[in-house]
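Residue numbers (the numbering used here): 4 to 349.
Glycine included, C-beta positions come from ideal geometry on N, C-alpha and C.
In what follows, a single structure is set out as structure tokens and then discussed.
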């Protein structure tokens, strides 16, 4: 199953999943090619959809199948790709890159669980903190919106889309304030219930630190994880997924009071934490790269999706759409591929 945004709505396409690529439009990987004061404008909020039916079991030469936690290495990888494209890269470098890529493909993790669309208990964690002197999101017609407004918008579309896919999915709402965490709404399968709470939320000032311990302590206190006697053969009654929308460009999150709750949650095959990091354009004046590195390192199992986007409306919707896939059915992010290219069927 692949999900896309088209005309400001998510479209769900049911097709066999074989090959995808990770963080295809990641600005932190490619920000060295931009100026720090660049502001993105969107002529359209629709995503390009092309059907691709090549041999997807073989990685393309320009496909980054790794999700490194180091943004500097990601930037170096992008620079190497550009050298190869221009024919300026030595043959031995290209060969080494191919060997590394083959090694990464072999390291793809596998849960070995039944790929069943069981109900999800989704905990939406919305960051209310506002960057000082933030850059607004800008549409093609010149309209500007604050980051929290856009975050609430994509969260609303996400909730409604998941509800269309499976009416049994449930949603809970957690908010990240300046330096505290609050569980606002318990699990419900009524989208209007969660959305009404979303609409009443407002920005808070950004603190100097954010404690990840507090976030996962609160989550651990409010969820119970399923126990299955034969996990390889029997689907669980439900799975739990955290969808964290983190929007601070100057505050690096860290575990201040230990990782016990987080480690306990992550020890379950039925718990997943996905992250969409919304930030300013990376520069020396902020800590976007360091923040992304911390968020990317949270799940060392490789089953999480960790995405990021600057102030770009189209990419914000596109990346939120990538989180619609069910954690037991979607491929791991290392091999996620989203472009579909039409090909004649004979």
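Worksheet item: Considering only residues of the same chain and omitting the five flanking positions on each side of residue 140, which have a CB-CB separation below 6 Å?
Response: Looking up residue 140 in the chain shown gives position 137. Correct list, in chain order: 148, 153, 314, 316.
Worksheet item: Below 8 Å between beta carbons: does that hold for residue 127 and residue 174?
Response: Numbered from 1 along the chain shown, position 124 holds the residue referred to as residue 127. Numbered from 1 along the chain shown, position 171 holds the residue referred to as residue 174. Yes; because the gap between Cβ atoms is below 8 Å, this pair is in contact.
Worksheet item: First and last residue of the alpha helix (DSSP H) that includes residue 221?
Response: Walking along the chain shown from the start, residue 221 turns up at place 218. Note, residue 221: alpha helix (DSSP H), 215 to 225.
Worksheet item: Hey, residue 239 and residue 121 are a contact pair by Cβ (cut 8 Å); roughly how many whole angstroms apart?
Response: Taking the chain shown and counting its residues from 1, one reaches residue 239 at position 236. Taking the chain shown and counting its residues from 1, one reaches residue 121 at position 118. Right, the Cβ-Cβ distance comes to about 6 Å (below 8 Å), so this counts as a contact.
Practice prompt. Below 6 Å CB to CB, which residues in the same chain sit around residue 259 once its five sequence neighbours on both sides are set aside?
Written response: What you label residue 259 is simply residue 256 of the chain shown in a count that begins at 1. These residues qualify, in order along the chain: 214, 216.
Worksheet item: Looking at the unbroken alpha helix (DSSP H) that takes in residue 152, where does it start and where does it end?
Response: For this step, residue 152 is matched to residue 149 along the chain shown. Taken as a continuous stretch (DSSP letters only), the alpha helix (DSSP H) holding residue 152 covers 150 to 168.
Worksheet entry | residue 242 vs residue 331 beta-carbon contact at 8 Å | To locate residue 242, count along the chain shown from 1; it is residue 239. To locate residue 331, count along the chain shown from 1; it is residue 328. Yes, the pair counts as a contact, with Cβ atoms nearer than the cut-off.
Worksheet item: Quick one: Cα of residue 251 to Cα of residue 282, how far?
Response: Start at 1 with the first residue of the chain shown, and residue 251 comes out as number 248. Start at 1 with the first residue of the chain shown, and residue 282 comes out as number 279. So the alpha carbons of these two residues sit roughly 6 Å apart.
Worksheet item: For residue 63, which residues of its own chain have a beta-carbon under 7 Å away from its beta-carbon, when the five flanking residues on both sides are left out?
Response: By one-based count along the chain shown, residue 63 stands at place 60. Low local confidence applies: a pLDDT of 31 at residue 63 is under 50, so the model's placement there is unreliable, with the coordinate-based value given in what follows. Around residue 63: no qualifying Cβ.
Item to complete: Go through the segment 234 to 263 residue by residue and report every complete run of the alpha helix (DSSP H) that reaches 4 residues or more, in order.
Response: none
Worksheet entry | Beta-ladder partner(s) of residue 311, from DSSP | Reading the chain shown from its first residue, position 308 is the one you call residue 311. Answer is 280.
Worksheet item: Hey, how far is the Cα of residue 136 from the Cα of residue 186?
Response: In the chain shown, counting from the first residue as 1, residue 136 sits at position 133. In the chain shown, counting from the first residue as 1, residue 186 sits at position 183. Approximately 28 Å, taken between the alpha carbons.
Worksheet item: If you draw a straight line from the C-alpha of residue 226 to the C-alpha of residue 345, how long is it?
Response: Walking along the chain shown from the start, residue 226 turns up at place 223. Walking along the chain shown from the start, residue 345 turns up at place 342. Going by the C-alpha atoms only, they are around 43 Å apart.
Practice prompt. Ignore the nearest five residues each way along the sequence and tell me which others in residue 220's own chain have a CB closer than 6 Å to its CB.
Written response: The sequence position of residue 220 within the chain shown is 217, counting from 1. Same-chain partners within the cutoff: 264.
Practice prompt. Report the three-state DSSP secondary structure of residue 208 (helix, strand or coil).
Written response: On the chain shown, residue 208 is found 205 positions in, with the first residue counted as 1. Reduced to three states, the DSSP call for residue 208 is strand.
Worksheet entry | Coil, strand or helix - residue 191 by DSSP | For the purposes of this step, residue 191 is taken as the residue at position 188 of the chain shown. Of the three classes helix, strand and coil, the one that applies to residue 191 here is strand, per DSSP.
Worksheet item: What is the DSSP secondary structure of residue 324, reduced to helix, strand or coil?
Response: If you number the chain shown from 1, residue 324 lands on position 321. Looking at residue 324 - three-state DSSP - the assignment turns out to be helix.
Worksheet item: In this structure, what does DSSP give as the bridge partners for residue 118?
Response: Stepping through the chain shown from its first residue, residue 118 is reached at position 115. DSSP, once it has assigned bridges, lists no residue as partnering residue 118.
Discussion item. Rounded to the nearest angstrom, what separates residue 189 and residue 177 at their Cα positions?
Written reply: By 1-based counting over the chain shown, the position of residue 189 is 186. By 1-based counting over the chain shown, the position of residue 177 is 174. Rounded to the nearest angstrom, the two C-alpha atoms are 9 Å apart.
Discussion item. Please return the same chain residues whose Cβ sits closer than 7 Å to the Cβ of residue 322, not counting the five positions on each side in sequence.
Written reply: Locating residue 322 in the chain shown gives position 319, where the first residue counts as 1. Around residue 322: 279, 310, 312.
Worksheet item: When DSSP labels each residue in this structure, what does residue 274 get in the three-state scheme?
Response: Mapped onto the chain shown, residue 274 falls at position 271. Of the three classes helix, strand and coil, the one that applies to residue 274 here is strand, per DSSP.
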